[in-house]
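Heads up: the sequence shown begins at 3 in our numbering, then just goes up one per residue.
Yeah, the Cβ is synthetic: ideal placement off N, Cα and C, and Gly gets one too.
Below is one structure, written out as structure tokens; comments come after it.
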Amino acid sequence: MLEVKQVSKRYDGGRGVHGIDFSMQRGEIVGFLGPNGAGKTTTMRMITGYLYPTEGMITVDGLSVHEEARKARSRIGYLPETPPLYPDLTVESYLKFVAKLRGVPAREQKMRTAEMVSRLGLTGREKQSVRHLSKGYKQRLGLAQAIIHKPDLLVLDEPTSGLDPSQIIEIRGLIRELGENHTVLLSTHILQEVGALCDRVLIINRGELVMDGAPDEIGARMENRFAVSLEVRGERERVESALGEWAEAKGISAEIREGTKPQVADESAAKSAENLRDSGQAAVLPDALRETSAEAAAEDTDGASPARRAASPEASAHAHESVRALLTAPGQEDFRIELFRFLAAADLPILELHKENLTLEDVFLKLTEDGGASAEEARSVRKPSASSRERAEEEDAGSPISEPSVSEPADPAQKSPTGGERP
Ligand SMILES: Nc1ncnc2c1ncn2[C@@H]1O[C@H](COP(=O)(O)OP(=O)(O)OP(=O)(O)O)[C@@H](O)[C@H]1O
3 MLEVKQVSKR YDGGRGVHGI DFSMQRGEIV GFLGPNGAGK TTTMRMITGY LYPTEGMITV
63 DGLSVHEEAR KARSRIGYLP ETPPLYPDLT VESYLKFVAK LRGVPAREQK MRTAEMVSRL
123 GLTGREKQSV RHLSKGYKQR LGLAQAIIHK PDLLVLDEPT SGLDPSQIIE IRGLIRELGE
183 NHTVLLSTHI LQEVGALCDR VLIINRGELV MDGAPDEIGA RMENRFAVSL EVRGERERVE
243 SALGEWAEAK GISAEIREGT KPQVADESAA KSAENLRDSG QAAVLPDALR ETSAEAAAED
303 TDGASPARRA ASPEASAHAH ESVRALLTAP GQEDFRIELF RFLAAADLPI LELHKENLTL
363 EDVFLKLTED GGASAEEARS VRKPSASSRE RAEEEDAGSP ISEPSVSEPA DPAQKSPTGG
423 ERP
């Protein structure tokens with residue numbers, strides 16, 4: 003529903019954003035991450051039609067945000083970093099004013115205002131002046147003004163910035179709810195927020211998109227490896243040799259790490275079992291153990307029978323031993339099911355198994371820290387579906403800037419009475 007095609011915005015000195023290219027499907031909640039000055043607000047202001055791109059094209063539901071501004075913008079709700087609130091109005095009168103401004107039919111304005119009050123948890127505050135709302139309630143009102151005209155796409159610029167932890171939880175809950183009926187693009191500095199809310203993350207650095215993917219996939223994709231760490235119950239030597247052979251045959255590297263050693267109690271149990279066996283007193287063993295001893299006796303003595311291992315003193319000694327390992331394969335192929343089946347067949351129970359990824363934080367730091375991934379390197383880890391554009395050539399630093407606005411001032415200096423953008 004949103005298409006951002008090769009969009010650039012050049013400010014003085016070559017700052018701004020370059021060749022931003024991505025699309026969003028209906029119903030997605032996408033997190034837009036980047037360090038300060040990376041270009042998040044610039045991109046969002048262009049998507050919402052408040053700023054004209056120097057190059058490129060943005061459409062919402064096929065409508066150009068800049069050429070069919072009125073129609074396109076009726077489908078977009080925007081919560082800027084500083085919500086465009088009028089402190090002298092009451093909550094109710096402000097919402098009615100915005101409803102009118104956004105073209106809600108006169109007969110529906112009252113009803114829509116009441117709906118927003120109830121949906122955004124503003125009940126009881128209708129007559130309160132905006133000036134006296136807490137920061138959290140101002141943010142609720144900011145969300146209300148963004149959705150009062152029932153847009154399809156919601157663009158939220160740092161919606162939880164400046165809120166206290168309980169307000170953050172509340173606003174996240176509201177965004178999650180809004181995400182059930184809207185497509186949402188939200189910028190944030192809080193990595194946790196992306197994990198908590200978003201299906202997908204876009205990372206922007208120095209004006210260029212450097213990552214596009216699901217939060218839990220981008221770490222693996224960035225490294226182009228599939229890594230699994232696991233803990234297996236069994237004697238170290240046996241686990242090591244079984245895993246090692248399997249991994250080698252599959253071209254997977256296996257690194258055996260520390261495991262747990264048998265407890266002293268287990269060692270003494272093993273000793274007792276050994277003494278019993280040596281003194282021929284198997285008859286006093288508990289029934290279950292006697293059965294396994296009998297089975298073991300009936301088996302060939304190649305040591306492969308699980309029952310024999312269970313009854314043997316060696317097995318008792320290793321009954322609580324476990325081994326940790328890290329298996330790493332090049333590429334993205336998921337080998338967990340095969341591994342599970344192999345270890346089950348070898349009677350080596352898996353106590354724990356999980357995919358090892360770079361965390362979102364690792365990825366973010368790698369991509370954005372000084373001297374982190376260059377735009378060229380970063381492009382190579384973006385999804386294949388993402389833009390394969392060549393970097394737009396840097397414009398002359400002194401080139402003139404044309405920044406016409408559609409119907410709103412493009413200059414951030416022109417703010418609403420509270421310093422926010424005009425609603
Ligand atoms: N009106 C403007 N005139 C000149 N340069 C600007 C203007 N607005 C933004 N910039 C520059 O463009 C770059 C991107 O800024 P932008 O505000 O989009 O970043 P951001 O990712 O939203 O940052 P933050 O997280 O700090 O809000 C920065 O280098 C910024 O200084």
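Opposing strand residues paired with residue i [DSSP bridges]
i: F34; result: S189, L204
i: V230; result: L329, K357
i: M113; result: In the DSSP output, where bridge partners are listed per residue, M113 has none listed.
i: M213; result: I205
i: R235; result: S324
i: K7; result: M59
Inter-residue Cα distance where the pair is residue i and residue j
i: R109; j: E172; result: 31 angstroms
i: L245; j: H356; result: 16 angstroms
i: L165; j: K42; result: 20 angstroms
i: E5; j: H191; result: 24 angstroms
i: P217; j: D201; result: 7 angstroms
i: L158; j: G221; result: 25 angstroms
i: H184; j: A251; result: 49 angstroms
i: V230; j: K112; result: 56 angstroms
i: G21; j: I60; result: 12 angstroms
i: T44; j: L187; result: 14 angstroms
i: R127; j: G29; result: 31 angstroms
i: R227; j: K11; result: 36 angstroms
i: L124; j: I49; result: 28 angstroms
i: E182; j: S120; result: 17 angstroms
i: W248; j: N207; result: 42 angstroms
i: E210; j: A40; result: 8 angstroms
i: R240; j: Q334; result: 28 angstroms
i: Q27; j: L367; result: 27 angstroms
i: S168; j: E358; result: 31 angstroms
i: D427; j: R178; result: One cannot answer for residue 427 here, as it falls past the ends of the chain, which runs 3 to 425.
i: V365; j: G16; result: 26 angstroms
Integer-rounded CB distance, given that residue j should sit under 8 angstroms from residue i
i: L53; j: V203; result: 23 angstroms between Cβ atoms; not a contact.
i: L103; j: T115; result: Going by Cβ atoms, the distance from L103 to T115 rounds to 13 angstroms, so no, they are not a contact pair.
i: L362; j: V196; result: 6 angstroms
i: Q426; j: V100; result: Residue 426 lies beyond the range of the chain shown here (3 to 425); nothing can be said about it.
i: P85; j: Q141; result: 7 angstroms
i: R326; j: E260; result: 6 angstroms
i: R77; j: V62; result: 5 angstroms
i: V19; j: V32; result: Not a contact, Cβ separation roughly 16 angstroms.
i: D154; j: M3; result: 6 angstroms
Contacting residues, own chain, Cβ-Cβ under 7 angstroms from residue i (five flanking each side not counted)
i: E354; result: L232, E233
i: Q283; result: In this prediction, Q283 has a pLDDT of 42, which is less than 50 and means its spatial position is unreliable; what the coordinates show is noted afterwards. Around Q283: no qualifying Cβ.
i: L345; result: V234, I352
i: E392; result: The predicted model places E392 with a pLDDT of 33, which falls under 50 and marks its position as unreliable, so this point remains unresolved.
i: I258; result: E242, V325, A327
i: L360; result: G221, M224, E225
6 angstroms CB neighbourhood of residue i in its chain, flanking five on each side removed
i: A306; result: A caution first: A306 carries a pLDDT of 45, below 50, which makes its placement in the model too unreliable to give a value.
i: A347; result: none
i: R235; result: S324, P351, L353
i: R75; result: G51
i: G144; result: L81, P85
i: M118; result: L97, A146, I150
Contact set for residue i: own chain, Cβ-Cβ below 8 angstroms, skip 5 residues either direction
i: P55; result: V9, S10, K11, M48, H68
Test item, CB below 6 angstroms from any non-hydrogen atom of ligand 1: Y13, D14, R17, G18, G36, N38, G39, A40, G41, K42, T43, T44, P414
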